[in-house]
């Protein structure tokens, strides 16, 4: 009997100890839980700041360089003056150099024409087959007459061949050798009359051409007249 009571006391003591331990552990767990909740409530959640991504820098487009380009206007190179080379005439290539018997000049005469002295100071270069087609030749030194005087007399002479007709001015001989030139013409019953005056370096020539109505010889007369030069 005593033995049973003793065992019961031991069991009761062991249960009390176990109960106390369980109570202590439960109390400790509750305390820990409460402390954790308080800590969670007291400590605010740390917001994880997401680092802001740097804004993409938009590169401003490069402005084109505003370089003022000065356009240099190239001046065209000076072109040499065009020199028209005149083809030699029939008189120059085929004419026979013929001196005047009465005057101080010489002229190239082509085949089919003849030169003769008409009177002092005047020669006649005529068509061999028709002496009515001819060119009267008068030459002067610059001391005897000026170009303007010779041109005025020539104009009057041409007009006198047909006073009723209107005189017209035409082109005279041209070229480097001619310092001045003038030409006039007028129609007549016998044919065209042409008067030419030109000045070269050492001579002034006054020419009167009497051609037929067809005026086929005038060009030959003018070509031969261009070859007039002082006698050598």
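In mature numbering (1 follows the signal peptide of the UniProt record, and there is no 0), the protein residues as written are -19 to -1, 1 to 213. We treat Cβ as the ideally placed atom computed from N, Cα and C, and that holds for glycine.
Endpoints, the alpha helix (DSSP H) within which residue 140 is located: 128 to 141
Which residues in the same chain as residue 146 place their Cβ atom closer than 6 Å to its Cβ, once the five residues preceding and following it in sequence are excluded? 167, 168
Residue 91 and residue 71 - do their beta-carbons sit closer together than 8 Å? yes
Coil, strand or helix - residue 163 by DSSP: strand
Cα-Cα separation between residue 126 and residue 134, rounded to whole angstroms: 11 Å
Can you grab the Cα-Cα spacing for the pair residue 94 / residue 73, in whole Å? 14 Å
Proximity of residue 118 and residue 129 at Cβ, strictly below 8 Å: no
Please tell me whether residue 188 and residue 206 are closer than 8 Å, where the distance is taken between their beta carbons. yes
So what does DSSP say about residue 83, is it helix, strand or coil? coil
Could you give the residue range of the alpha helix (DSSP H) that holds residue 72? 71 to 75
On the criterion of 16 or more Cβ atoms from any shown chain inside 10 Å, does residue 180 qualify as buried, or is it exposed? buried
Going by other Cβ atoms of all chains shown within 10 Å of its Cβ, with 16 needed for buried, is residue 28 buried or exposed? Residue confidence is low: residue 28 scores 44 on pLDDT, short of 50, so the model does not pin down where it sits. No coordinate-derived value is stated.
Suppose contacts are defined by Cβ-Cβ distances below 8 Å. Is residue 209 in contact with residue 116 by that definition? no
For residue 20, which residues from the same chain have a beta carbon less than 8 Å from its beta carbon, with the 5 sequence-adjacent residues on both sides left out? Confidence at residue 20 is low in this model, with a pLDDT of 40, below 50, so its placement is unreliable and the value that follows should be read with caution. For residue 20, where only same-chain residues beyond five positions count, there are no Cβ hits under 8 Å.
Burial state of residue 80, where buried means 16 or more other Cβ atoms lie within 10 Å: exposed
Name the two residues that bound the continuous alpha helix (DSSP H) containing residue 203. 199 to 206
Local conformation of residue 194 per DSSP, three classes: coil
Residue 103 in three-state terms, based on DSSP: strand
Could you give the distance in angstroms between the alpha-carbon of residue 157 and the alpha-carbon of residue 182? 10 Å
Going by other Cβ atoms of all chains shown within 10 Å of its Cβ, with 16 needed for buried, is residue 151 buried or exposed? exposed
Applying the 10 Å Cβ sphere with the 16-neighbour rule, what's the burial state of residue 141? exposed
Taking DSSP as the reference, what is the three-state secondary structure of residue 187? strand
Rounded to the nearest angstrom, what separates residue 192 and residue 213 at their Cα positions? 30 Å
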